[in-house]
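The listed protein sequences correspond, in order, to chains A and B.
Heads up: take any position in the first sequence, counting from 1, add 15, and you land on our numbering.
Heads up: take any position in the second sequence, counting from 1, add 15, and you land on our numbering.
We treat Cβ as the ideally placed atom computed from N, Cα and C, and that holds for glycine.
There are 2 protein chains.
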Amino acid sequence: MTITITAFERSPDRGRGLARDMRIRWALEEVGQPYDVRLLSFKAMKEAAHLTLQPFGQIPTYEEGDLALFESGAIVFHIAERHGGLLPDEANARARAIAWIFAALNTVEPPIFDRSLVQILERDEPWYEQRLRALEDSIRKRLADLSRRLGDADWLDGAFSAGDLLMVTVLLRLKASSRILDDYPNLSAYVARGEARPAYKRAFDAQLAVFKAASTG
Amino acid sequence: MTITITAFERSPDRGRGLARDMRIRWALEEVGQPYDVRLLSFKAMKEAAHLTLQPFGQIPTYEEGDLALFESGAIVFHIAERHGGLLPDEANARARAIAWIFAALNTVEPPIFDRSLVQILERDEPWYEQRLRALEDSIRKRLADLSRRLGDADWLDGAFSAGDLLMVTVLLRLKASSRILDDYPNLSAYVARGEARPAYKRAFDAQLAVFKAASTG
Numbered sequence: 016m017t018i019t020i021t022a023f024e025r026s027p028d029r030g031r032g033l034a035r036d037m038r039i040r041w042a043l044e045e046v047g048q049p050y051d052v053r054l055l056s057f058k059a060m061k062e063a064a065h066l067t068l069q070p071f072g073q074i075p076t077y078e079e080g081d082l083a084l085f086e087s088g089a090i091v092f093h094i095a096e097r098h099g100g101l102l103p104d105e106a107n108a109r110a111r112a113i114a115w116i117f118a119a120l121n122t123v124e125p126p127i128f129d130r131s132l133v134q135i136l137e138r139d140e141p142w143y144e145q146r147l148r149a150l151e152d153s154i155r156k157r158l159a160d161l162s163r164r165l166g167d168a169d170w171l172d173g174a175f176s177a178g179d180l181l182m183v184t185v186l187l188r189l190k191a192s193s194r195i196l197d198d199y200p201n202l203s204a205y206v207a208r209g210e211a212r213p214a215y216k217r218a219f220d221a222q223l224a225v226f227k228a229a230s231t232g
Numbered sequence: 016m017t018i019t020i021t022a023f024e025r026s027p028d029r030g031r032g033l034a035r036d037m038r039i040r041w042a043l044e045e046v047g048q049p050y051d052v053r054l055l056s057f058k059a060m061k062e063a064a065h066l067t068l069q070p071f072g073q074i075p076t077y078e079e080g081d082l083a084l085f086e087s088g089a090i091v092f093h094i095a096e097r098h099g100g101l102l103p104d105e106a107n108a109r110a111r112a113i114a115w116i117f118a119a120l121n122t123v124e125p126p127i128f129d130r131s132l133v134q135i136l137e138r139d140e141p142w143y144e145q146r147l148r149a150l151e152d153s154i155r156k157r158l159a160d161l162s163r164r165l166g167d168a169d170w171l172d173g174a175f176s177a178g179d180l181l182m183v184t185v186l187l188r189l190k191a192s193s194r195i196l197d198d199y200p201n202l203s204a205y206v207a208r209g210e211a212r213p214a215y216k217r218a219f220d221a222q223l224a225v226f227k228a229a230s231t232g
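Listed below in structure tokens is the structure:
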């Protein structure tokens, strides 16, 4: 069955791979599943046809036969459950890899995502510096904990998993707009290991091609 | 095998059921699994023994035999996967219920949780009113989308699922500190349906008993 995902027609990150369709592309590349992409304008994202697929008017979505899914974490998990290579077979190791999926999205991503938003939306506010500093403190607490747990391992818990895939995408957003990650050399190396994966590169190139086509079209 | 979870020795919410162990208690009550609770002081949460279980020094954790898990979303999902009653059997319906788990925690909870934090930590800041208003706008956008999707159904997608359990706990945090939810009568009724479940009540009473014991001990 054909897999179709949705993505920004013109990504606000200008093709830097920070939009959430990147996670789905990367997961599909890791498991070797081809996919189609339907591009959406910001206007189309808020129209009834898309809201039926994605109640909050966001990208990405995932369609495969009768199944329609939203939420990048749920979609990556679904891909990992259906195809080999993104979750361990052993039950306890699998449950721990799933815990890292949630940790990436619920514990590490929020202050990193907020920092990006504040940099865009609150730059001219009188409190800008103070807000930014508070968020950076929160980010550093998370990174210190994550760095200690990772230690000198390649991945968070044994082999590369969907948890690592999501954690790397979360940390890449930070790397794109700050030098904070440089203070945690094992996390920088962890992110670089993710980016070096052939599946990551194929996914990155595919989303960049969309942005370039939109810019020159 | 005995299940042991961790919870606050003295919950900052004063037993109102807003701490994240409530989610685990509720899920375990829904599937009829008994559990033990190990209570932790704020100091113990940051010590090495607990950081081995929970790298970010938070509660709850979940231990069962050789398995140790963290992240309330991952723990609720684990319980739902192992025991009947919290996820549909049919594959597509199951995947959609999992999407609601992620939607509750990644899309609906962040502005609601931030609003609670701002009310505690930023009340005296010059930007307090403006920050609160911005967060309430974000919350209302999410609630409007959620309300439209729920319509006049009892639960988000067919029978009560782990997705509903988490969404209700997220909305309860809002209800505890604001009247915003009153503007969405179908969501208020949805939350009330959650609170009326016998498993919810048993879980609520159990966490309240911990707080009362700590207060009078």
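Quick one: is residue i buried, meaning 16 or more other Cβ sit within 10 Å of its Cβ, or exposed?
i, result
"S56/B", "exposed"
"R97/B", "exposed"
"P213/A", "exposed"
"D179/A", "buried"
"A168/B", "exposed"
"S176/B", "buried"
"T231/B", "exposed"
"G32/B", "buried"
"L132/B", "exposed"
"E44/B", "buried"
"E105/A", "exposed"
"A174/A", "exposed"
"R148/B", "exposed"
"A204/A", "exposed"
"A63/A", "exposed"
Which residues in the same chain as residue i place their Cβ atom closer than 6 Å to its Cβ, once the five residues preceding and following it in sequence are excluded?
i, result
"L223/A", "G30"
"R25/B", "A229"
"F85/B", "Q69, T76"
On the DSSP bridge list, what partners appear for residue i?
i, result
"D51/A", "T19/A"
"T76/A", "F85/A"
Quick one: what's got a C-beta closer than 7 Å to residue i's C-beta in the same chain, skipping five residues either side?
i, result
"R40/A", "A218, A221, Q222"
"S87/A", "R35, R38, I39, P75"
"R53/B", "T19, T21"
"E137/B", "Y143, R146"
"D28/B", "A34"
"P126/A", "L150, S153, I154, R157"
"K190/B", "L196, V206"
"S192/B", "S131, Q134"
"K61/A", "G72"
"I90/B", "I39, P75, Y77, L84"
"E210/B", "none"
"A59/B", "H65"
DSSP on residue i, reduced to helix/strand/coil?
i, result
"Y205/B", "helix"
"K61/B", "coil"
"F226/A", "helix"
"V234/B", "Nothing can be reported for residue 234/B: it is not among the residues displayed for chain B, which extend from 16 to 232."
"G178/A", "helix"
"F117/A", "helix"
"F128/B", "helix"
"A106/B", "helix"
"E144/B", "helix"
"F219/A", "helix"
"F160/B", "Looking at the sequence shown, residue 160/B is not Phe but Asp. Helix, per DSSP."
"W41/A", "helix"
"D28/A", "coil"
"L186/A", "helix"
"Q69/B", "coil"
"E151/B", "helix"
"V46/A", "coil"
"E137/A", "coil"
"D197/A", "helix"
Only counting the same chain, and skipping five residues up and downstream in sequence, which positions put a Cβ closer than 8 Å to that of residue i?
i, result
"R109/B", "L102, P103"
"Q48/B", "I18, I94, H98"
"L165/A", "L171, N201, L202, Y205"
"A42/A", "I90, V91, I94, A95, L101, A177, L180"
If I'm right that residue i touches residue j with Cβ under 8 Å, what's the distance once you round it to whole angstroms?
i, j, result
"P70/A", "D160/B", "5 Å"
"R188/A", "F128/A", "7 Å"
"Y199/B", "S162/B", "4 Å"
"V123/A", "V183/A", "No, V123/A and V183/A are not in contact; Cβ-Cβ is about 11 Å, not under 8 Å."
"L181/B", "A114/B", "Actually they do not touch by this definition, with Cβ atoms about 12 Å apart."
"D81/B", "N107/A", "6 Å"
Indicate, with yes or no, if the ligand NAP has a heavy atom lying under 7 Å from the CB of residue i.
i, result
"A83/A", "The model on display carries no ligand, and the ligand NAP is accordingly not part of it."
Positions along the stretch 139-159 of chain B whose CB lies within less than 9 Å of some CB in chain D: Absence of chain D from the displayed structure is noted, the protein chains being A and B.
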